[in-house]
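Protein sequences appear in the order of chains A and B. FYI, UniProt numbering numbers position 189 of the first sequence as 189, with every residue one higher than the one before it. FYI, UniProt numbering numbers position 322 of the second sequence as 322, with every residue one higher than the one before it. From the three backbone atoms N, C-alpha and C, an ideal C-beta is built for every residue, glycine too. So the structure is just underneath, and the comments pick up after that.
Number of protein chains: 2
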Amino acid sequence: MNQVYVGLCGLGTVGTGVVKLLQNHAEEIKYKVGCEIHIEKILVHDIDKKRDVAIQAEWLTDNPDELVNNAEIDIIIEVMGGIEDTNLLLEKAIRNKKHIVTANKDLMAVHGQKLLRLAKENNCDILYDASVAGGIPIIRSLTEGLASDRIQKIMGIVNGTTNYILTKMTDDEVAFEPVLKEAQDLGFAESDPTSDVDGLDAARKMALLANLAFKMEISLEDVEVSGIRTISQEDITFATSLGYTIKLIGIASINDNGKVEVSVEPTLLPKDHPLAMVKNEFNAVYVYGEAVGETMFYGPGAGSMPTATAVVSDLMDVVKNIRLGITGNEYILPQFQKQLKEDDEKYMQYFIRMEVDDEAGTFQKITNVFLDESVSFQKILQLPSEQKKMAEIVMVTHKISKQQLLNSRENLKGLDVVNEIISCYRVDGED
Amino acid sequence: MNQVYVGLCGLGTVGTGVVKLLQNHAEEIKYKVGCEIHIEKILVHDIDKKRDVAIQAEWLTDNPDELVNNAEIDIIIEVMGGIEDTNLLLEKAIRNKKHIVTANKDLMAVHGQKLLRLAKENNCDILYDASVAGGIPIIRSLTEGLASDRIQKIMGIVNGTTNYILTKMTDDEVAFEPVLKEAQDLGFAESDPTSDVDGLDAARKMALLANLAFKMEISLEDVEVSGIRTISQEDITFATSLGYTIKLIGIASINDNGKVEVSVEPTLLPKDHPLAMVKNEFNAVYVYGEAVGETMFYGPGAGSMPTATAVVSDLMDVVKNIRLGITGNEYILPQFQKQLKEDDEKYMQYFIRMEVDDEAGTFQKITNVFLDESVSFQKILQLPSEQKKMAEIVMVTHKISKQQLLNSRENLKGLDVVNEIISCYRVDGED
Numbered sequence: 001m002n003q004v005y006v007g008l009c010g011l012g013t014v015g016t017g018v019v020k021l022l023q024n025h026a027e028e029i030k031y032k033v034g035c036e037i038h039i040e041k042i043l044v045h046d047i048d049k050k051r052d053v054a055i056q057a058e059w060l061t062d063n064p065d066e067l068v069n070n071a072e073i074d075i076i077i078e079v080m081g082g083i084e085d086t087n088l089l090l091e092k093a094i095r096n097k098k099h100i101v102t103a104n105k106d107l108m109a110v111h112g113q114k115l116l117r118l119a120k121e122n123n124c125d126i127l128y129d130a131s132v133a134g135g136i137p138i139i140r141s142l143t144e145g146l147a148s149d150r151i152q153k154i155m156g157i158v159n160g161t162t163n164y165i166l167t168k169m170t171d172d173e174v175a176f177e178p179v180l181k182e183a184q185d186l187g188f189a190e191s192d193p194t195s196d197v198d199g200l201d202a203a204r205k206m207a208l209l210a211n212l213a214f215k216m217e218i219s220l221e222d223v224e225v226s227g228i229r230t231i232s233q234e235d236i237t238f239a240t241s242l243g244y245t246i247k248l249i250g251i252a253s254i255n256d257n258g259k260v261e262v263s264v265e266p267t268l269l270p271k272d273h274p275l276a277m278v279k280n281e282f283n284a285v286y287v288y289g290e291a292v293g294e295t296m297f298y299g300p301g302a303g304s305m306p307t308a309t310a311v312v313s314d315l316m317d318v319v320k321n322i323r324l325g326i327t328g329n330e331y332i333l334p335q336f337q338k339q340l341k342e343d344d345e346k347y348m349q350y351f352i353r354m355e356v357d358d359e360a361g362t363f364q365k366i367t368n369v370f371l372d373e374s375v376s377f378q379k380i381l382q383l384p385s386e387q388k389k390m391a392e393i394v395m396v397t398h399k400i401s402k403q404q405l406l407n408s409r410e411n412l413k414g415l416d417v418v419n420e421i422i423s424c425y426r427v428d429g430e431d
Numbered sequence: 001m002n003q004v005y006v007g008l009c010g011l012g013t014v015g016t017g018v019v020k021l022l023q024n025h026a027e028e029i030k031y032k033v034g035c036e037i038h039i040e041k042i043l044v045h046d047i048d049k050k051r052d053v054a055i056q057a058e059w060l061t062d063n064p065d066e067l068v069n070n071a072e073i074d075i076i077i078e079v080m081g082g083i084e085d086t087n088l089l090l091e092k093a094i095r096n097k098k099h100i101v102t103a104n105k106d107l108m109a110v111h112g113q114k115l116l117r118l119a120k121e122n123n124c125d126i127l128y129d130a131s132v133a134g135g136i137p138i139i140r141s142l143t144e145g146l147a148s149d150r151i152q153k154i155m156g157i158v159n160g161t162t163n164y165i166l167t168k169m170t171d172d173e174v175a176f177e178p179v180l181k182e183a184q185d186l187g188f189a190e191s192d193p194t195s196d197v198d199g200l201d202a203a204r205k206m207a208l209l210a211n212l213a214f215k216m217e218i219s220l221e222d223v224e225v226s227g228i229r230t231i232s233q234e235d236i237t238f239a240t241s242l243g244y245t246i247k248l249i250g251i252a253s254i255n256d257n258g259k260v261e262v263s264v265e266p267t268l269l270p271k272d273h274p275l276a277m278v279k280n281e282f283n284a285v286y287v288y289g290e291a292v293g294e295t296m297f298y299g300p301g302a303g304s305m306p307t308a309t310a311v312v313s314d315l316m317d318v319v320k321n322i323r324l325g326i327t328g329n330e331y332i333l334p335q336f337q338k339q340l341k342e343d344d345e346k347y348m349q350y351f352i353r354m355e356v357d358d359e360a361g362t363f364q365k366i367t368n369v370f371l372d373e374s375v376s377f378q379k380i381l382q383l384p385s386e387q388k389k390m391a392e393i394v395m396v397t398h399k400i401s402k403q404q405l406l407n408s409r410e411n412l413k414g415l416d417v418v419n420e421i422i423s424c425y426r427v428d429g430e431d
């Protein structure tokens, strides 16, 4: 077989990047996979739109059937986004024995398990490294590089928009709203930033990573999600003075009983933790393996060329599998039944910030609440508030269960001396 | 095929780790590769030595022929070290159609190209991810994850011993000799630390990485090597005050004309560069790809279990290849003819520290030398020396060629006002 034919769905920023890579690196790619890769068709909405990449007019079509029913096409590259219609298109393509390379984390988070099984039944490959952390080969690293190990925990900065915003809020001491506006102007945030800022984008990626790491079917609904809208300059100032940096972290972990938790939430990390150094729009995934210990994979989380790199690397893998006659073997069915931790099985440190009456006995009332829940503290800081006769107390607990925290919060709210529990964030990365 | 049989060469720290992984993770490994992996024979020097892992007595042998001529054995795992004898053993094994997994960077740096070709001719696989940066799947990331990209530059902290020493010298402000002694006591440095401290270990690993990144046959002789013995507390203090951290960095880069340079040398990095954050015995490889941009792979560089993880992950790959009937396809012959840069084609910034006469006209004489070579400066610092009537001048140049630096150094030595050129180190990571 001297040539492989590709149908490309989408010619936006990533699709354009894919075409450029295939053109500019054609010789090296051919040398590595042993044959030529040709574009046969490109599915777009607007055939007449001016494109800033050299393409042949006869490639363009707005009819999906010219790809999924096209006997010439071996592989579909899906970089157009969307969930339901795209799912139907890919199911049709797989049933027609076409292999899939996708960068679509939304699709894979919602329909991934079904598509992966369907591909396996049809001896097809479906690869999606580009859907999590853009240019970083994280999926390949988890499933192959660390294949011999048991993953215990993953901590990920997997959304470049929120990391950019938090970096600027921290380094430049600017509030959330103006930084968001600047990010939008620079193209680091969407005009509707909800999916990024409220943690949904990160949650989809963490569901995919957790599936691979723990070999069970974890869905989006299993991920507890908080975004960055609640993070204030005061939070950042307090965290800094206690030696921490605040990041939006996706955390997936498994305990010795095989129970898992997956969440996306603002998290305080020690200042010198490798993840704390990840700045601006960069992503990183920190992996704790039972045998390997701590590893980290760092790189661009998005962007036309980085994501296109991951798409084309996956494409080259599929081409090699086709030539060797071994497609349909990449996917391994989940090995374990999903078991989620209860709140009294989730252990972590917490950062709690309260505004309280500045009077005798306040501190004792508060510590009694925590004592009743067997909560002890690693750090405590009390400062006068800007409000008259009020004080701010900031506490970092030792490791406690989520249940202990929830109970403590309820009881604190009932105290007359507590005006407001301003912030409550996870603290991690110190063990 | 329901079982694969392995011959293990060596039962030291890594060999023991491999046996433990194969035993403790047996179920998951079997699930992933679709068959059982059995140890058939283990080659050791001392059959009677007490072992701290559960092994069957009949596995042990001190006769290599019981592995390389053993028709039952499919794969040889080589974790015993050594170069010439080990090379002969593996050549024999490959000719007997056995696949190889090795952690032996010395062997691969010296004989790797020959072994890789021999394996390909015999339809065998030889995988060696464990030989560079222990538990970090860097080779797999370069050859597969970033397969679609062109690598422009690699900067690596690939020797844990020297990174541990430099971390302690920097953070604890202790001199080289006492830190080396402490590292030896803790097992982070060998009793004969030459290979680590003088950069040879790092040089072997960089030769391997450069081969893979640039797809040409670069040998150990092509790597310029300097170790860390010359780094003093004063160097570190000056570097810190100018905003840098000193690390032993392996650098491999290629220019637009396809010419390469590979070196291992003390290098000043900006304090907030991701590589500057890599502490103690951890390793990291920073990769610049034309399309992907900047990525970094971080993790343990050595240690029984991390290295064993990499060995067993490679083993699982070979087992899958055997089962699919596709062995002998991993290795791709070098695509390009090796071309090394000349000194006037190597561009970088330099940190130069001199002791000079503290008198009128000194500074002008020195700057004239640099002017003659068209060398300009990014930073200059002058302080009184501890020596009477002497001063220390520290300069960071803009990017100049190595030839310009060598010429300048020659001419400075000829100046009567220059007492000594104390240090001269590369500065990198600022672009």
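Using a Cβ distance threshold of 9 Å, P300 of chain B and V33 of chain A do not count as a contacting pair. By the rule that beta-carbons nearer than 9 Å mark a contact, F282 of chain B touches chain A. Between S253 of chain A and chain B, the shortest Cβ-Cβ separation is not below 9 Å.
By the criterion of a C-beta distance shorter than 6 Å, Y347 of chain A is surrounded in its chain by K399, S401, once the five residues flanking it on both sides are discounted. Short of 6 Å from the beta carbon of M390 of chain B, and not among the five residues preceding or following it, lie these beta carbons of its own chain, in chain order: E355, D358. For R353 of chain A, the enclosing beta strand (DSSP E) covers residues 347-357.
Secondary structure at Q152 of chain B: strand, using DSSP grouped into helix, strand and coil.
Taken atom to atom, the span from the alpha-carbon of D256 of chain B to that of E345 of chain B is near 11 Å. Only I326, N329, I332, Q335 from the region 326-347 of chain A bring a Cβ to less than 8 Å from some Cβ of chain B.
Taking CB atoms only, P270 of chain A has no neighbour in chain B less than 9 Å away. Every alpha helix (DSSP H) of 4 residues or more that sits fully in the region 150-185 of chain A is shown, in chain order, as 160-171.
Distance from the CA of K120 of chain A to the CA of L22 of chain A, rounded to the nearest whole angstrom, comes to 27 Å. Here F370 of chain B carries a helix assignment [DSSP, helix/strand/coil]. Remark: C-beta atoms of R426 of chain B and T267 of chain B approach each other more closely than 9 Å. For the set B:L88, B:V394, B:I157, B:M206, the Cα lying nearest the Cα of Y298 of chain B is the one of B:I157. Taking CB atoms only, G299 of chain A has a neighbour in chain B less than 9 Å away.
Chain order gives the chain B residues near K32 of chain A as A147, I332, where near means a beta carbon separation below 7 Å. Short of 8 Å from the beta carbon of T61 of chain A, and not among the five residues preceding or following it, lie these beta carbons of its own chain, in chain order: K41, I42, L43, V44, I47, L67. Within the region 285-298 of chain B, Y286, V287, G289, E290, A291, V292, G293, E294, T295, M296, F297, Y298 place their CB atoms closer than 9 Å to a CB of chain A, listed in sequence order.
For the region 13-29 of chain B, the set of positions with a beta-carbon nearer than 8 Å to some beta-carbon of chain A reads G17, L21, H25, E28, I29 in chain order. Neighbours of M316 of chain B across chain A, judged by C-beta separation under 9 Å: E144, A147, S148. Assignment of T397 of chain A by DSSP, reduced to helix, strand and coil, places it in the strand class. Take P137 of chain B, set aside five residues on each side of it, and the residues of its chain with a beta-carbon closer than 8 Å to its own are D129, F297, A310, S313, in chain order. When the alpha-carbon of L208 of chain B is set against those of B:G250, B:D196, B:V79, the nearest one is in B:G250. Only residues of its own chain outside the window of five on either side were considered, and among them M395, C424 have a CB closer than 6 Å to the CB of I352 of chain B, listed in chain order. The region 362-380 of chain B makes no contact with the region 320-330 of chain B; the number of CB pairs closer than 8 Å stays below 3.
In this structure, DSSP gives T230 of chain B a state outside helix and strand, which the three-state scheme calls coil. In this structure, V260 of chain A places its C-beta atom within 9 Å of the C-beta atom of K338 of chain A. Residue B:N159 holds the alpha-carbon nearest to the alpha-carbon of L200 of chain B among B:G7, B:N24, B:N159. Apart from the 5 residues on each side of it in sequence, L127 of chain B sits with its Cβ closer than 7 Å to the Cβ of V101, D314, D317, V318, E330 in its chain, given in chain order. Distance between D149 of chain B and H25 of chain A, taken at the CA atoms: about 8 Å.
Beta-bridge analysis with DSSP links Y128 of chain A to no other residue.
Counting along the chain, the unbroken alpha helix (DSSP H) around V311 of chain B starts and ends at 304-324. Nearest to Q404 of chain B by alpha-carbon distance, out of B:Q349, B:N2, B:M108, B:N104, is B:Q349.
A284 of chain B sits away from V14 of chain B, with the two beta carbons spaced by 9 Å or more. When the alpha-carbon of N96 of chain A is set against those of A:H111, A:M80, A:V4, A:C124, the nearest one is in A:C124.
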